[in-house]
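Enquirer:
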Amino acid sequence: METDTTPNIPTESHGHGMNGTDKGRAAIKTQFLTTKEKFHEILDSGGKGPNDDKASDDAGPKETAEDSLEEPQEKKCKVDPAEQERMGKQDSKRMRGQNKSRPHMKPTSYDNRRLCPSIIQERETKCVYGDKCKFIHDVAEYMALKPADVGEHCYLYDTFGKCHYGLSCRFARAHISADLKNLANEERAKAMVGRTPVRNSLDKDLQWRLRKKVVPFTASDAYMKTIFKGGHKAGEGWKKAATAENGKARSFSSSCLPFGKLQVSQENLARVKTIGPLTDADVIKLRQCEKKQKDLIKLIHLSQCGNLPFRRICKRFGADITCGEMAMCTNLLQGQSSEWALLKRHESEDLFGVQVEGCFPDTMTRCAELLNNKIDVDFVDINSGCPIDLVYKKGGGCGLMTRTNKFEQIIRGMNSVLDVPLTVKIRTGVQEKANIAHKLIPEMKKWGVSMITLHGRSREQRYTKSADWDYINTCSQLASPIPLFGNGDILSYYDAMKARETDVSGVMLARGALIKPWVFTEIKERRDWDISSSERLDVLRDFTHYGLEHWGSDTQGLEKTRNFLLEWLSFMCRYIPVGLLERVPQKINERPPYYMGRDYLESLMASQHVGDWIKISEMLLGPVPKNFNFLPKHKANAYK
1 METDTTPNIP TESHGHGMNG TDKGRAAIKT QFLTTKEKFH EILDSGGKGP NDDKASDDAG
61 PKETAEDSLE EPQEKKCKVD PAEQERMGKQ DSKRMRGQNK SRPHMKPTSY DNRRLCPSII
121 QERETKCVYG DKCKFIHDVA EYMALKPADV GEHCYLYDTF GKCHYGLSCR FARAHISADL
181 KNLANEERAK AMVGRTPVRN SLDKDLQWRL RKKVVPFTAS DAYMKTIFKG GHKAGEGWKK
241 AATAENGKAR SFSSSCLPFG KLQVSQENLA RVKTIGPLTD ADVIKLRQCE KKQKDLIKLI
301 HLSQCGNLPF RRICKRFGAD ITCGEMAMCT NLLQGQSSEW ALLKRHESED LFGVQVEGCF
361 PDTMTRCAEL LNNKIDVDFV DINSGCPIDL VYKKGGGCGL MTRTNKFEQI IRGMNSVLDV
421 PLTVKIRTGV QEKANIAHKL IPEMKKWGVS MITLHGRSRE QRYTKSADWD YINTCSQLAS
481 PIPLFGNGDI LSYYDAMKAR ETDVSGVMLA RGALIKPWVF TEIKERRDWD ISSSERLDVL
541 RDFTHYGLEH WGSDTQGLEK TRNFLLEWLS FMCRYIPVGL LERVPQKINE RPPYYMGRDY
601 LESLMASQHV GDWIKISEML LGPVPKNFNF LPKHKANAYK
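Be aware that the sequence shown starts at 1, since it is given in the UniProt record's numbering, and climbs by one per residue.
#1: What's the call for A144, buried or exposed, on a 16-neighbour Cβ count within 10 Å?
#2: How close, in whole Å, do the beta carbons of V504 and I472 come, if the pair is a contact with beta carbons under 8 Å?
#3: Mind checking S570: buried by the 16 CB within 10 Å criterion, or exposed?
#4: Is it buried or exposed for M497, if we count other Cβ within 10 angstroms and need 16 for buried?
#5: Please specify which runs of the alpha helix (DSSP H), each continuous and at least 4 residues long, are wholly inside the segment 371-437, giving them in chain order.
#6: Measure the alpha-carbon distance for R536 versus A27 and round it to whole angstroms.
#7: Measuring straight from C-alpha to C-alpha, what distance separates P592 and G335?
#8: State the Cα-Cα distance for the pair E408 and K315, rounded to the nearest angstrom.
#9: Check each candidate in S348, Q31, K36, S45 and name the one with the smallest Cα separation from Y600.
#10: Using the C-alpha atoms, what's the distance from G358 back to S384?
#11: For C305, which of helix, strand or coil comes out of DSSP?
#12: Run the CB neighbour count on K626, radius 10 Å, all protein chains shown included, and call it buried at 16 or more, exposed below.
#13: With C-beta atoms as the reference, is T561 less than 8 Å away from W551?
#14: In three-state terms, what does DSSP make of T218?
#15: Buried or exposed: which applies to K233, given that a residue is buried once 16 or more other Cβ atoms fall within 10 Å of its Cβ?
#16: Are I436 and I482 closer than 8 Å when you measure CB to CB?
#17: Looking only at its own chain, which residues have a Cβ that is under 7 Å from the Cβ of R526, when we skip the five neighbours before and after it?
#18: Whole-angstrom Cβ separation of G579 and S533, contact assumed at under 8 Å?
#19: Using only the alpha-carbon positions, how far apart do L167 and N182 sit?
#20: Report all residues from its chain with a CB closer than 6 Å to the CB of A479; omit the five preceding and five following residues, and keep chain order.
#21: What are the start and end residues of the alpha helix (DSSP H) that includes L514?
#22: Which residue wins for smallest C-alpha separation from G24, given the options L484, Y463, H175, E522?
#23: Whole angstroms is fine: what's the gap from Y223's alpha carbon to V417's?
#24: How is G130 classed by DSSP in three states: helix, strand or coil?
#25: Can you list, in chain order, the stretches of the alpha helix (DSSP H) that have 4 or more residues and sit fully within the segment 588-612?
#26: How many whole angstroms separate the CB atoms of P421 and F379, which I take to be in contact at a CB cut-off of 8 Å?
#27: Could you say which of E347, T502, E590, R511 lies nearest to M192 if we only look at CA atoms?
#28: Touch check for the segment 317-332 and the segment 171-181: three-plus C-beta pairs under 8 Å?
#29: Do A140 and G161 count as a contact pair if the criterion is CB distance below 8 Å?
#30: Have a look at the DSSP bridge pairing and note the partners of E357.
#31: Do you know how far the Cα of R427 is from the Cα of L454?
#32: Among residues of its own chain, excluding the 5 on either side of K524, which ones have a beta-carbon nearer than 7 Å to its beta-carbon?
#33: Put V584 into one of helix, strand or coil per three-state DSSP.
#34: For G579, name the three-state secondary structure that DSSP assigns.
#35: Would the segment 149-156 count as touching the segment 127-139 if we require 3 or more Cβ pairs under 8 Å?
#36: Beta-carbon within less than 6 Å of E432's beta-carbon, same chain only, minus the 5 sequence neighbours each way: which residues are those?
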């Protein structure tokens with residue numbers, strides 16, 4: 001197909017990405033291809049052609065002047081060759097690569113003069129801080145300084161019957177009376193009584209005890225005594241204790257976890273009398289419905305983007321298992337609120353786990369005991385596949401794969417204190433051409449893991465090359481009967497079907513879910529979904545609603561929702577609609593050339609410039625503040 005379409009490629013699109021003939025370029029139908037200049041010219045004109053712009057200039061010059069003032073200064077760099085030449089090569093080099101140390105703008109910076117919580121919550125007692133309170137107590141003064149409301153309807157009021165952000169809500173006109181009182185829908189509020197939409201919150205008492213280091217870790221201390229005796233390593237002590245622990249391996253029913261039923265206890269193996277080789281069927285008789293392991297789809301943790309509102313979107317589209325963002329075990333033990341927020345679980349997440357990272361058996365075991373006693377989870381996952389330098393150089397993440405002694409101590413220690421399955425996520429290895437996962441997997445089976453997730457790339461590869469599914473297949477055979485989930489390069493139903501041809505027990509999605517979260521529906525229904533731009537906007541609108549519910553509907557919560565929305569859009573812009581593709585499906589490592597969508601909104605969503613992402617966010621969350629800036633992962637997409 002590629003050789004047939006080559007002569008039809010317009011010469012003007014040469015260099016900007018053709019219709020799939022170049023390696024790494026997506027194959028798009030020629031009638032949709034355009035140049036970089038024309039693409040941004042149409043977007044900047046609001047979807048009008050060049051002739052329409054001239055007519056509008058003659059009819060109303062004031063409107064275009066206002067538009068030019070509102071446009072960010074950085075957007076001129078992408079369409080003005082003279083400006084690019086003036087910047088020079090030095091500046092262009094400076095704008096490449098990743099922002100590894102991003103100084104995030106705090107949401108509180110957009111709302112310096114805030115109303116006192118005692119007034120927002122309409123407490124009967126006065127503010128305990130009195131004149132020393134740093135917040136505003138004069139309602140009239142606050143209303144004069146407060147930014148304009150974003151919309152007519154408040155999602156929190158419509159859903160729960162009352163908005164607890166009161167006067168500070170950016171949709172306050174929906175539930176504030178003429179005398180500035182917060183209204184409530186009693187009928188809807190009564191329906192919400194007894195429901196706990198979000199669990200695993202950190203209470204103040206536990207936080208205080210963690211900071212004062214008065215939380216007891218009895219089981220963890222007992223395990224650590226088997227490792228260290230008299231200040232020296234007991235060469236056989238902890239291994240004997242670990243062997244005894246294996247005799248008490250947990251066996252979970254299918255109602256607990258889909259992969260728990262494959263964990264066979266050593267005690268059962270000793271009781272069964274057989275002649276010849278022992279198989280799984282001799283120990284556990286699975287029902288027919290329990291054998292469909294390969295239909296399981298898991299959403300991997302995603303830093304910055306794998307937040308609770310996004311996971312709700314994925315659950316709605318059909319994700320079976322969700323996992324929270326990676327949390328540092330030391331920060332959890334210190335009672336940091338920001339780290340504990342990563343453990344929160346929505347009521348729609350029926351199969352949910354948390355992922356922790358650490359590099360020492362004492363802290364990881366204590367963290368596991370803390371989670372086991374204080375939060376509601378279905379499994380705990382160890383992230384030994386994180387490639388970032390901050391984690392790796394401390395011996396965590398991928399570093400654990402080369403520190404097998406510590407890795408074993410961590411797994412055995414966490415298993416000894418957990419009542420739920422312990423899973424592990426790994427990569428193929430650290431170096432690019434030195435795979436070690438096949439050596440680790442048989443050992444991890446002995447250590448007592450309940451499930452393994454394998455990302456088909458090494459740490460050095462990152463995302464530069466395709467995932468090695470042949471190697472994943474080999475490792476899944478080594479892992480049997482323990483379930484092994486494969487991960488890497490799944491963006492469509494076809495990719496999932498190809499993965500199912502291997503011996504993996506399920507597939508896990510990461511970037512594919514960010515680019516198109518409806519991929520879960522495509523896999524479940526075994527079809528391509530040519531989703532329209534309006535449907536995609538509805539998905540983004542639902543995300544903003546969930547974000548306002550999770551982070552708040554005041555200015556601070558709204559801007560935090562916007563920030564995470566922009567992070568998501570930096571991935572979602574890579575999606576190419578099915579109807580525009582010359583060759584289906586789109587591959588995850590293929591980048592689209594410049595193309596025009598079937599309508600203005602579809603073209604706007606295809607833009608990889610942050611200024612256009614800002615436009616989309618303003619459709620849903622209102623205009624950005626005057627001092628707003630956004631620093632995405634890639635420097636070339638910065639906005640100030």
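Where a beta carbon is used, it is the ideal one built from N, C-alpha and C, also for glycine.
Expert: Once the coordinates are examined:
#1: Along the sequence shown, read from residue 1 onward, the residue named residue 144 stands at position 144. Exposed is the call here.
#2: Looking up residue 504 in the sequence shown gives position 504. Looking up residue 472 in the sequence shown gives position 472. Sure, about 6 Å apart at Cβ, within 8 Å.
#3: Position 570 of the sequence shown holds residue 570. S570 counts as buried, since no fewer than 16 other beta carbons sit within 10 angstroms of its beta carbon.
#4: Walking along the sequence shown from the start, residue 497 turns up at place 497. Counting Cβ neighbours within 10 Å, M497 comes out exposed, since fewer than 16 surround it.
#5: Segments of the alpha helix (DSSP H) lying fully in the segment 371-437: 389-392, 404-417.
#6: Your numbering for residue 536 matches position 536 in the sequence shown. Your numbering for residue 27 matches position 27 in the sequence shown. Answer to the nearest angstrom: the Cα atoms are 22 Å apart.
#7: For the purposes of this step, residue 592 is taken as the residue at position 592 of the sequence shown. For the purposes of this step, residue 335 is taken as the residue at position 335 of the sequence shown. So the alpha carbons of these two residues sit roughly 44 Å apart.
#8: On the sequence shown, position 408 is the one that residue 408 refers to. On the sequence shown, position 315 is the one that residue 315 refers to. So the alpha carbons of these two residues sit roughly 33 Å apart.
#9: Within the sequence shown, numbered from 1, the residue matching residue 600 stands at position 600. Cα-wise, what sits closest to Y600 is S45.
#10: Translated into positions along the sequence shown, residue 384 becomes position 384. Translated into positions along the sequence shown, residue 358 becomes position 358. Going from the Cα of S384 to the Cα of G358 covers about 9 Å.
#11: Within the sequence shown, residue 305 is the residue found at index 305, counting from 1. In the structure shown, C305 sits in coil (DSSP, three-state: anything other than H, G, I, E or B).
#12: As a first step, residue 626 must be located in the sequence shown, where it is residue number 626. Result: exposed.
#13: Within the sequence shown, numbered from 1, the residue matching residue 561 stands at position 561. Within the sequence shown, numbered from 1, the residue matching residue 551 stands at position 551. Yes, they are a contact pair.
#14: As a first step, residue 218 is located in the sequence shown; it is residue number 218 there, counting from the start. Three-state DSSP puts T218 in a helix.
#15: Your numbering for residue 233 matches position 233 in the sequence shown. Low per-residue confidence applies at K233: pLDDT is 44, beneath 50, and the placement is therefore not dependable, though the value from the model is reported in the following sentence. With fewer than 16 Cβ atoms within 10 Å of its Cβ, K233 is classed as exposed.
#16: Position 436 of the sequence shown, counted from the first residue, corresponds to residue 436. Position 482 of the sequence shown, counted from the first residue, corresponds to residue 482. It is not a contact, given that the beta carbons lie outside the stated cut-off.
#17: Locating residue 526 in the sequence shown gives position 526, where the first residue counts as 1. Contacts found: Y493.
#18: In the sequence shown, residue 579 corresponds to position 579, counting from 1. In the sequence shown, residue 533 corresponds to position 533, counting from 1. Their Cβ separation, rounded to whole angstroms, is 11 Å, which puts G579 and S533 out of contact at 8 Å.
#19: As a first step, residue 167 must be located in the sequence shown, where it is residue number 167. As a first step, residue 182 must be located in the sequence shown, where it is residue number 182. C-alpha separation (whole angstroms): 7 Å.
#20: Indexing the sequence shown from 1 puts residue 479 at position 479. Taken in chain order, the residues that qualify are I441, I452.
#21: By one-based count along the sequence shown, residue 514 stands at place 514. Segment 511-515, the alpha helix (DSSP H) holding L514.
#22: To locate residue 24, count along the sequence shown from 1; it is residue 24. G24 has its Cα closest to that of Y463, out of L484, Y463, H175, E522.
#23: Residue 223 sits at position 223 when you count from the first residue of the sequence shown. Residue 417 sits at position 417 when you count from the first residue of the sequence shown. Those two C-alpha atoms are separated by around 9 Å.
#24: For this step, residue 130 is matched to residue 130 along the sequence shown. Note: G130 maps to helix in three-state DSSP.
#25: Complete alpha helix (DSSP H) runs here, min 4: 600-606.
#26: Translated into the one-based positions of the sequence shown, residue 421 becomes position 421. Translated into the one-based positions of the sequence shown, residue 379 becomes position 379. Indeed, because the Cβ distance is near 5 Å, the residues count as touching under 8 Å.
#27: Within the sequence shown, the letter at position 192 stands for residue 192. Taking only the C-alpha atoms, the option nearest M192 is E347.
#28: no
#29: By one-based count along the sequence shown, residue 161 stands at place 161. By one-based count along the sequence shown, residue 140 stands at place 140. Going by C-beta atoms, G161 is not nearer than 8 Å to A140.
#30: The sequence position of residue 357 within the sequence shown is 357, counting from 1. Bridge partners of E357: M328.
#31: Residue 454 sits at position 454 when you count from the first residue of the sequence shown. Residue 427 sits at position 427 when you count from the first residue of the sequence shown. Computed Cα separation, rounded: 6 Å.
#32: What you label residue 524 is simply residue 524 of the sequence shown in a count that begins at 1. Once the five neighbours on either side are set aside, the close Cβ partners of K524 are G318.
#33: As a position in the sequence shown, residue 584 is number 584, starting the count at 1. Reduced to three states, the DSSP call for V584 is coil.
#34: Here residue 579 refers to the residue found at position 579 when the sequence shown is read from its first residue. G579: helix per DSSP, three-state reduction.
#35: By the Cβ test, the segment 149-156 is not in contact with the segment 127-139, since fewer than three Cβ pairs between them sit closer than 8 Å.
#36: Walking along the sequence shown from the start, residue 432 turns up at place 432. For E432, where only same-chain residues beyond five positions count, the Cβ hits under 6 Å are S458, E460, Q461.
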